[in-house]
Every structure is written in structure tokens, then in C-alpha cells.
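Residues in the sequence shown are numbered from 794 upward in steps of one, following my numbering. Backbone N, C-alpha and C fix where the C-beta goes; we use that ideal spot for every residue, glycine too. All of these numbers come straight from a predicted model, not from anything done at the bench.
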Amino acid sequence: MASVINNGIPLINGMLCSWADIVAAISGVPVTGIVGIEYADNQDVVNKYGAGRHPVGRAKGRITPTAKIILYQEEVQAIQSQAPNGRIQDLAPFDITVTYLPDSGIIHTDKIRNVQFSGNSRKWKEGDTGQEVELELVPSHIEWGQ
């Protein structure tokens, strides 16, 4: 696989993507009170054996997506206000888009599909000047680079 960074071709403007280049949106609404987002998918890939000691092929199984988001408490409260009973876990599934807008001008968007919150919590301690809330998400799948 060729690498854009290490294949001898200089970077456009010498700049890589940074946090300031990312726009995350929940159901199409940009989220300003976001301080972190993680998403991934893993697929079962196994060797299949036949004659001899070495694999004769491979098989692919299920894909398991995972995601979490870190928001300021005020952002969580705004989302919570959309829930009929105040529980964000009871909100209908929604999509999260993560758009990368680097200086190069090459826009890239990943879509985390059919997301639901699996929990909601707060953790305060003396001296805190704000609350960052980490929320686990349950997505159906991720569309990479759509």
C-alpha cells in the first residue's frame, strides 16, 4: 500500500489534519460542545485450514462497530432535552458525521450510522471547572470516507 506521507511526495502545504479541521454533526446539526470522538470497526478474519500445516485460505465474519463521544455537560443536556423522558438512551437512532476539512481542501466524511446512546453519567470532583461527559455509543455500522 502506498502512503501519501512517506512515498516521497511532499504534503500539500506541509499540513496534516488536526482537531480544528474536524466537524462532527449529530443528525446533521454541528456539535460545538465536543471535545473528543472515537470510532472503529473490527472484522473477524480467520485462517482456514485444509491439507498441510498452513492455511489454505481465509474467511471473513461479522463486523463489530464501536464508538464513543466526549461532550461538555451543557451539550449533553441540550441533547437530553430532546428525549421525551430525559433519558438519552431512549432517543431514536441517529447518524453522526465526522467531516475532515484540512487546509489541502480535500474533504473527507465518515458516517457513523444508526447510533444510540448506551448510558449517561456525570463525574464531579472538587476543583472541577467544567464537566466533560464520555458517552458510549452503539452504532449499526460505519461508512468510511463517504
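Residues bridged to residue i (per DSSP)
i, result
"I827", "L864"
"D834", "P858"
"L928", "I862"
"E936", "K904"
"G850", "K841"
"A817", "V891"
"V822", "I819"
"Q909", "V931"
Close Cβ partners of residue i (< 8 Å) along its chain, the five nearest in sequence each way excluded
i, result
"S796", "Caution applies to S796, whose pLDDT of 46 falls short of 50 and renders its modelled position unreliable; the model cannot decide the point."
"G923", "Y865, Q866"
Closest residue to residue i among the options (Cα-Cα distance)
i, options, result
"S914", "Q870, D903, G920", "Q870"
"E929", "Q882, M808, V822", "Q882"
"A833", "F910, T902, P895, K861", "K861"
"I819", "P895, Q909, I899, D896", "Q909"
"H901", "G938, V822, K916, E831", "G938"
"S811", "R880, I872, S897, N878", "S897"
Proximal residues to residue i (C-beta, below 7 Å), its chain only, five neighbours per side dropped
i, result
"K841", "P848, V849, G850, R851, A852"
"A876", "D883, L884"
Close-in-space but distant-in-sequence residues of the same chain around residue i (CB under 6 Å, 5 per side omitted)
i, result
"E936", "K904"
"S933", "R906, N907"
"V931", "Q909, S911"
"V926", "L864, Q866, V869"
Any non-hydrogen atom of the ligand MG within 7 Å of residue i CB
i, result
"K904", "This structure simply doesn't include the ligand MG, nor any ligand for that matter."
Given 8 Å as the limit, is there contact between the segment 843 to 852 and the segment 866 to 881, that is, 3 or more CB pairs closer than that? no
Evaluate contact between the segment 888 to 895 and the segment 808 to 828, counting only Cβ atoms and requiring at least three cross-stretch pairs below 8 Å. yes
Between the segment 874 to 888 and the segment 826 to 833, can you find at least three pairs of beta-carbon atoms closer than 8 Å? no
Does the segment 828 to 838 come close enough to the segment 851 to 862 that 3 or more CB-CB pairs lie under 8 Å? yes
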